[in-house]
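First the structure, in the form of structure tokens, and then the observations on it.
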Amino acid sequence: MAESETENLERLANREYQYGFVTEIDEDRVPPGLDEDIVRLISAKKGEPEWLLEWRLKALRRFLELLAEDHEPTWANVSYPKIDYQKIVYYAAPKPRKLESLDQVDPELLRTYERLGIPLSEQKRLHGVAVDAVFDSVSVATTFKEELERQGIIFCSFSEAVKRCPDLVREYLGSVVPYSDNFFAALNSAVFTDGSFAYVPKGVRCPMELSTYFRINAAGTGQFERTLLIADEGAYVSYLEGCTAPMRDENQLHAAVVELVALDDAEIKYSTVQNWYPGDKQGRGGIYNFVTKRGACRGRRSKISWTQVETGSAITWKYPSCILQGDESVGAFYSVAMTNNRQQADTGTKMIHIGRNTRSTIVSKGIAAGRGQQSYRGLVRIGPKAEGARNHSRCDSLLLGDTCGAHTFPYIEVKNPTATVEHEATTSKIGEDQLFYCRQRGLSEEDAVSMIVNGFCKEVLRELPMEFAVEAQNLLGLSLEGSVG
Amino acid sequence: MADALLELRDVHATAGDAPILRGVDLVIRPGEVHAVMGPNGSGKSTLANALAGRPSVRVTRGEILYDGRDLTALSPEERAREGIFLAFQYPVEIPGVANLYFLKAALNAVRKHRGQPELDAMEFLQLARRKMKLVEMDEKLMQRSVNEGFSGGEKKRNEVLQMAILEPRLAVLDETDSGLDIDALRIVAGGVNALRGPQRAMLVITHYQRLLDYVEPDFVHVLAGGRIARSGGKELARELEEKGYGWIEASAR
Numbered sequence: 076m077a078e079s080e081t082e083n084l085e086r087l088a089n090r091e092y093q094y095g096f097v098t099e100i101d102e103d104r105v106p107p108g109l110d111e112d113i114v115r116l117i118s119a120k121k122g123e124p125e126w127l128l129e130w131r132l133k134a135l136r137r138f139l140e141l142l143a144e145d146h147e148p149t150w151a152n153v154s155y156p157k158i159d160y161q162k163i164v165y166y167a168a169p170k171p172r173k174l175e176s177l178d179q180v181d182p183e184l185l186r187t188y189e190r191l192g193i194p195l196s197e198q199k200r201l202h203g204v205a206v207d208a209v210f211d212s213v214s215v216a217t218t219f220k221e222e223l224e225r226q227g228i229i230f231c232s233f234s235e236a237v238k239r240c241p242d243l244v245r246e247y248l249g250s251v252v253p254y255s256d257n258f259f260a261a262l263n264s265a266v267f268t269d270g271s272f273a274y275v276p277k278g279v280r281c282p283m284e285l286s287t288y289f290r291i292n293a294a295g296t297g298q299f300e301r302t303l304l305i306a307d308e309g310a311y312v313s314y315l316e317g318c319t320a321p322m323r324d325e326n327q328l329h330a331a332v333v334e335l336v337a338l339d340d341a342e343i344k345y346s347t348v349q350n351w352y353p354g355d356k357q358g359r360g361g362i363y364n365f366v367t368k369r370g371a372c373r374g375r376r377s378k379i380s381w382t383q384v385e386t387g388s389a390i391t392w393k394y395p396s397c398i399l400q401g402d403e404s405v406g407a408f409y410s411v412a413m414t415n416n417r418q419q420a421d422t423g424t425k426m427i428h429i430g431r432n433t434r435s436t437i438v439s440k441g442i443a444a445g446r447g448q449q450s451y452r453g454l455v456r457i458g459p460k461a462e463g464a465r466n467h468s469r470c471d472s473l474l475l476g477d478t479c480g481a482h483t484f485p486y487i488e489v490k491n492p493t494a495t496v497e498h499e500a501t502t503s504k505i506g507e508d509q510l511f512y513c514r515q516r517g518l519s520e521e522d523a524v525s526m527i528v529n530g531f532c533k534e535v536l537r538e539l540p541m542e543f544a545v546e547a548q549n550l551l552g553l554s555l556e557g558s559v560g
Numbered sequence: 030m031a032d033a034l035l036e037l038r039d040v041h042a043t044a045g046d047a048p049i050l051r052g053v054d055l056v057i058r059p060g061e062v063h064a065v066m067g068p069n070g071s072g073k074s075t076l077a078n079a080l081a082g083r084p085s086v087r088v089t090r091g092e093i094l095y096d097g098r099d100l101t102a103l104s105p106e107e108r109a110r111e112g113i114f115l116a117f118q119y120p121v122e123i124p125g126v127a128n129l130y131f132l133k134a135a136l137n138a139v140r141k142h143r144g145q146p147e148l149d150a151m152e153f154l155q156l157a158r159r160k161m162k163l164v165e166m167d168e169k170l171m172q173r174s175v176n177e178g179f180s181g182g183e184k185k186r187n188e189v190l191q192m193a194i195l196e197p198r199l200a201v202l203d204e205t206d207s208g209l210d211i212d213a214l215r216i217v218a219g220g221v222n223a224l225r226g227p228q229r230a231m232l233v234i235t236h237y238q239r240l241l242d243y244v245e246p247d248f249v250h251v252l253a254g255g256r257i258a259r260s261g262g263k264e265l266a267r268e269l270e271e272k273g274y275g276w277i278e279a280s281a282r
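Chains A and B, in that order, are what the protein sequence lines are. In terms of my numbering, the first sequence opens at residue 76 and continues consecutively. In terms of my numbering, the second sequence opens at residue 30 and continues consecutively.
This is the structure in structure tokens:
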């Protein structure tokens, strides 16, 4: 052959993470470490009301207890050196912080988002996506705000929401993921710095996709954002989230919390394309992505669906879940998780059926390449009152090469005899036959792998909004090309 | 006489680690249809795969010249783009990838290599519709995943359709007749015949003579023990049908 297989693979494997640049920007940051003073400082910098500071302090105390008792979760199928929580910087923000309009955003920052392919300029209306951009810890810009406001939709940074609609925030904050929920949720509740907030009022169908882009820039910092979405009765909203980070040799912690609340007949679609820096081939650097995402289908016939494409992060620990409280409510989880090189992912979902005739669907596609380790962990719980509840789960794993691994940990608890729970799982390897077939038709090896993988993920990708689906497909192709050995 | 499109000189090849081809000589010129027949295990599929460049098949001795160039120096995709097409004995399923999309990607890879503009979805669909008629293919199959859930006959028709769309210079058909009932065989053979032309050479590999009732070869070769034991005209196929392979295998030893 003209080019040996090995050379070809090496060339592809060495393709660089294209979002790995660092933005030189003036920033305001607190000293590293975690104690009450830091939490008070963060809260003061954000001019928060007393109740929120109190809530943060309760969370901090809970976190410090958990830390002292060594309760950092160890059950996930991932391994990493112990994190020193006193060495992390818990707040870093680009200066100046007070932003009245996009004109006041540091142009360097706008350029950063442009390099990421995210136009923040309101002139670029064609995109029809309202964007909230979170840079390190602070939300820097939200587009299309006025247009949304005309329909009564509130879409802004979390900090702004605390000022604009404190009652909504106070009512729902922690109502789905309490500060004491788990180790990382407690940490987030204590130190979260910003995030996105959206409220869609009764009967309103949000006319555009709401989108948040998260970017970790500063060194030595963690990112702890908090997102809260509320769809009031009969409302509909589709929300997209994307993430990138610079390449650094150190590991950076990202511990976010996302809470969704859907009232009667409301529907929330939440889509994530997660492309945090995954670390290099030897496993140096990369983001630790320890995230708690949960949606409560509080109302009757409410619907929440999580769609995620996870290609980044050194370690992913993430279980977007649905609590199906309302009768006839519907939860869905569509996931593609990809691990290459030394990446580890332990991800899945929880579907908690409480109401009658609740339904849930789980479709998980795991792809492991290189020395990547991939676990699906899922819980389907049917409570005693969930008459007629139904779940269908499907977990497929695709292996590229023989140094990676795929694992499945499904947990099923059924306390109501009328429930129907189905679980299907498959594991397959990209076959030499498939690759050869594609190449014999003239497709390059990389295009062939990309095509086969995208085909494998199709059921999930088609759940994504159009432009996100294209981005996700490209991302999967890029992350996986040449991984076949 | 035209220059050879394909020339095999003393080709030895292994499949996995097993030596299968033990000195194959063969010359194919544009416009010619050659049939290679032979008993099971004689090396027919290895020959096809050696031409297409399947990674598990290695040419260990001899040379394969395609258009005067050393074919073994090319990757499978380069061979495909240079006009070598293999109709697979067992077409592969690719879940989640629409047949139409797959074919368009393949054609555009080939066109790009030839310096032709790529076809957009509409242009491709028109082309595909024309070609589908050749093999009486249902348009619904174009929206389905590549070969997934196709019947044996549909898979083989799909192979011939791909051949019609990619317009190769050398088409290698590896037991395209196997597993086909008589109607499917007639359709597949009709498609193959429609693609015969002065610039295109074909190598038709088959175990049975019946395909050759429909696709009439210019030359017939019998492969036995990894070598071409006998070559002749189409009457050789008839003779084999009557006498079986035993007499050739015996004389090849």
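Just so it is clear, CB atoms sit at the ideal spot from N, CA and C, and this is done for glycine as well.
Reduced DSSP secondary structure (H/G/I, E/B, other) of residue i
i	result
residue 151 of chain B	helix
residue 480 of chain A	strand
residue 56 of chain B	strand
residue 105 of chain B	helix
residue 163 of chain A	coil
residue 200 of chain A	Model confidence at residue 200 of chain A stands at a pLDDT of 39, short of 50, so the residue's coordinates are unreliable; what they give is reported in the following sentence. Residue state, collapsed to three classes: helix.
residue 448 of chain A	strand
residue 145 of chain B	coil
residue 258 of chain B	strand
residue 548 of chain A	helix
residue 157 of chain B	helix
Proximal residues to residue i (C-beta, below 6 Å), its chain only, five neighbours per side dropped
i	result
residue 198 of chain A	Residue placement at residue 198 of chain A cannot be trusted, given a pLDDT of 38 that sits under 50; what the coordinates show is reported in the next sentence. None.
residue 276 of chain A	227, 307
residue 158 of chain A	none
residue 176 of chain B	120, 122, 184
residue 182 of chain B	209, 213
residue 376 of chain A	340, 403
residue 265 of chain B	249
Cut-off 7 Å between Cβ atoms - residues of its own chain near residue i, not counting five sequence neighbours on either side
i	result
residue 112 of chain B	197, 198, 199
residue 153 of chain A	390, 392, 419, 421
residue 269 of chain B	66, 238, 251
residue 461 of chain A	428, 429, 430, 431, 433, 491, 494
residue 132 of chain B	157, 191, 194
residue 223 of chain B	163
Bridge-paired residues (DSSP) for residue i
i	result
residue 269 of chain A	A:300
residue 48 of chain B	B:43
residue 98 of chain B	B:95
residue 392 of chain A	A:365, A:421
residue 346 of chain A	A:315, A:382
residue 229 of chain B	B:226
residue 234 of chain B	B:65, B:203
residue 428 of chain A	A:399, A:457
residue 504 of chain A	A:474
residue 35 of chain B	B:57, B:95
residue 441 of chain A	A:412, A:472
Residue i, enclosing beta strand (DSSP E) - first and last residue
i	result
residue 118 of chain A	Element bounds for residue 118 of chain A: not the beta strand (DSSP E) but the alpha helix (DSSP H), 111–120.
residue 230 of chain A	229–232
residue 525 of chain A	Unbroken run through residue 525 of chain A is the alpha helix (DSSP H), 520–531; no beta strand (DSSP E).
residue 248 of chain B	248–253
residue 115 of chain B	113–116
Spatial neighbours of residue i in its chain, beta-carbon cut-off 8 Å, leaving aside the 5 residues before and after
i	result
residue 118 of chain A	127, 128, 131
residue 227 of chain B	59, 60
Range of the contiguous alpha helix (DSSP H) that encloses residue i
i	result
residue 171 of chain B	169–172
residue 509 of chain A	507–515
residue 338 of chain A	Where residue 338 of chain A is concerned, there is no enclosing alpha helix (DSSP H), given that its DSSP letter is neither H nor E.
residue 81 of chain B	73–81
residue 194 of chain B	181–195
Checklist entry - Relative to chain A, which residues along the segment 94–113 of chain B have a C-beta separation below 9 Å, given in chain order? => result Within the segment 94–113 of chain B, the residues whose Cβ lies closer than 9 Å to some Cβ of chain A are 101, 102, 103, 104, 105, 106, 107, 108, 109, 110, 113, listed in chain order.
Next on the checklist: What are the residues in the segment 495–520 of chain A lying within 8 Å of chain B by C-beta distance?
Outcome noted: Going along the segment 495–520 of chain A in chain order, one finds 506, 507, 508, 509, 511, 512, 513, 514, 515, 516, 517, 518, 519, 520 with a Cβ nearer than 8 Å to chain B.
Checklist entry - For the segment 117–128 of chain B, which residues have a beta carbon sitting closer than 7 Å to at least one beta carbon of chain A? => result Those residues of the segment 117–128 of chain B that come within reach of chain A (Cβ to Cβ, closer than 7 Å) are 117, 121, 123, 124, 125, 126.
Checklist entry - the segment 411–428 of chain A: which residues have C-beta closer than 8 Å to a C-beta of chain B, in chain order? => result Cβ proximity to chain B below 8 Å picks out nothing from the segment 411–428 of chain A.
Item to check | Chain-ordered residues of the segment 153–170 of chain B with a beta carbon less than 9 Å from chain A | outcome: The segment 153–170 of chain B vs chain A, Cβ under 9 Å: nothing.
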